[in-house]
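What follows is a short report on a single structure.
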Amino acid sequence: MLSACDDRDGQHFLAAIDSNGKLTYRIPVPHRAHDIVMLSAQRAMYIGRRPAPVAYVVDIDAGALVRTLHSPAGRHFYGHGALAADGLLYTSENAFEDRRGMIAVWDTNDDFRRLGEFDSGGVGPHDMAFLSDGKTLVVANGGIETHPDSQREKLNIPTMQPSLVYLDCANGQTIERYFPDDHLMSLRHLAVTAEDRVIIGVQYEGDESAIVPLLLTHRGEDRLQSALAGPAVWRSHRNYIASVAASHDGRYAMLTAPRGGLASMWNLSTLEQEGQWRIRDVAGISSTPDGEIKLSNGYGQLFSVRAEPGSSALHRDGNFAERWDNHLLLV
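Take a look at the structure:
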């Protein structure tokens with residue numbers, strides 16, 4: 000499992016844990032990383048958290064940093080990327096002087112040469128993934144304008160416009176664009192099932208007491224579909240979803256809500272919640288082919304649950320000194 004992490008003094012690291020629960024490397028870096036993309040069986044890219052202008056390429060077998068990518072002037076990374084079968088890497092970026100979201104294209108077969116960029120179809124592009132055709136890229140545009148001079152301050156909350164956008168990577172054109180019912184529902188993280196159902200986690204930027212659906216899905220409908228739950232369920236998630244994952248069989252969506260201190264499981268057929276586990280500051284999540292869901296939190300703990308009907312047991316898999324960051328990738 001791969002994750003970014005911090006130590007107790009706030010130093011940033013790139014880390015890996017083997018199947019025996021042993022920390023195999025911990026590489027110090029100057030910028031905090033966010034999500035991870037596998038580039039090959041031996042190499043992974045840890046992408047900088049906004050407004051970081053860097054992404055780190057690591058040889059996971061050697062536990063060594065082998066390359067640091069830099070975004071060009073006027074750009075910074077948004078922490079996420081997706082690798083196409085032809086070796087082209089797509090990263091979400093902020094063209095902060097132009098107030099535009101961009102998708103940059105890098106050729107991993109040619110020393111990470113930057114080939115160009117195209118519009119993300121919105122502001123604040125964050126997570127992204129390919130559909131099964133290998134050509135259509137689905138992007139969660141958070142809708143929030145930021146600028147490095149203002150650090151992580153959100154500059155346009157009254158007028159923000161989040162969206163889910165499908166892009167044709169062959170030409171960078173927008174295929175479809177969908178908006179949530181409430182413009183304060185920032186769309187940040189997503190996952191895609193083998194059947195191309197897109198699962199989207201919401202971070203609500205309005206009043207803390209508001210009740211809004213924090214899980215949306217989409218697969219060909221004319222609008223985004225909202226999960227079904229009563230006010231108490233949504234309130235328990237505290238209006239903030241940090242990560243999403245689909246179970247390997249595509250039957251369940253898994254959410255983490257660090258502010259609410261819980262992880263939840265949702266049936267994708269009924270769009271209803273079927274399980275909930277209390278884990279303080281839980282954020283990282285990843286699914287395994289055998290139906291397990293791996294979870295990490297900001298207190299150095301690792302957990303696992305089963306994505307199956309009636310699943311209730313939460314297993315603690317490890318305790319570490321590191322504070323695990325927002326995302327967890329199972330290799």
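Counting in numbering that gives the first Met the number 0, the sequence shown runs from 0 upward without gaps.
Think of the CB as a built atom: it goes at the ideal place given N, C-alpha and C, for glycine as much as any other residue.
Quick one: give me the first and last residue of the alpha helix (DSSP H) that Ala231 is part of. It spans Pro230 to Ser235 - the alpha helix (DSSP H) in which Ala231 sits, taken as one unbroken run.
Per-residue DSSP class, three states only, for Ser149: Residue state, collapsed to three classes: helix.
Candidates Asp6, Tyr251 and Gly141: which alpha carbon is nearest Ile26's? Among Asp6, Tyr251 and Gly141, the Cα nearest to that of Ile26 is on Asp6.
With DSSP run on the structure shown, which of helix, strand or coil describes Pro27? Looking at Pro27 - three-state DSSP - the assignment turns out to be strand.
How long is the line joining the alpha carbons of Ile292 and Asp58, rounded to whole angstroms? Rounded to whole angstroms, Ile292 and Asp58 show a C-alpha spacing of 25 Å.
Report yes if the C-beta distance between Val189 and Trp265 is below 7 Å; otherwise report no. It should be pointed out that residue 189 corresponds to Leu in this sequence rather than to Val. With contacts defined as CB atoms closer than 7 Å, Leu189 and Trp265 fail to qualify as a contacting pair.
Could you tell me the distance, in whole angstroms, from the CA atom of Ile326 to the CA atom of Ser2? Before going on, a small fix: residue 326 reads as His here, not Ile. For His326 and Ser2, the distance between alpha carbons rounds to 6 Å.
Just to confirm, is the Cβ distance from Tyr55 to Leu64 under 7 Å? Yes, they are a contact pair.
Roughly how many angstroms separate the alpha carbons of Val232 and Thr107, rounded to a whole number? Rounded to whole angstroms, Val232 to Thr107 spans 43 Å at the Cα level.
Contact the region 129-138 vs the region 147-158: 3+ CB pairs below 8 Å: No, because fewer than three Cβ pairs between the region 129-138 and the region 147-158 fall closer than 8 Å, the two stretches do not touch.
Give the C-beta separation of Ser303 and His247 to the nearest angstrom, bearing in mind that I take them to be a contact with Cβ-Cβ under 8 Å. Rounded, the Cβ-Cβ distance is 13 Å, inconsistent with contact.
Are the CB atoms of His11 and Val36 nearer to each other than 7 Å? Result no, Cβ atoms of His11 and Val36 do not sit closer than 7 Å.
When DSSP builds the beta bridges, which residues end up paired with Gly47? For Gly47, which the question treats as bridged, DSSP gives the partners Ala32.
Pairwise C-alpha distance: Gly115 and Ala103: Taking the CA atoms as reference points, Ala103 sits about 6 Å from Gly115.
Using three-state DSSP, classify Thr287 as helix, strand or coil. Here Thr287 carries a coil assignment [DSSP, helix/strand/coil].
Candidates Met127, Lys153 and Ala228, of which the one nearest Tyr165 by Cα: Taking only the C-alpha atoms, the option nearest Tyr165 is Met127.
Can you grab the Cα-Cα spacing for the pair Asp85 / Phe129, in whole Å? Taking the straight line joining both Cα atoms gives about 13 Å.
Indicate the three-state DSSP secondary structure (helix, strand or coil) for Thr269 in the structure shown. Coil, per DSSP.
Per-residue DSSP class, three states only, for Ile210: Ile210: coil per DSSP, three-state reduction.
Which of the three DSSP states, helix, strand or coil, is assigned to Pro124? Residue state, collapsed to three classes: strand.
So, at 8 Å on beta carbons, what are the nonlocal neighbours of Pro71 in its own chain, with the 5 sequence-adjacent residues on each side left out? Excluding residues within five positions, the ones whose Cβ falls inside 8 Å are Arg113.
For Ile156, does the three-state DSSP call read helix, strand or coil? Helix.
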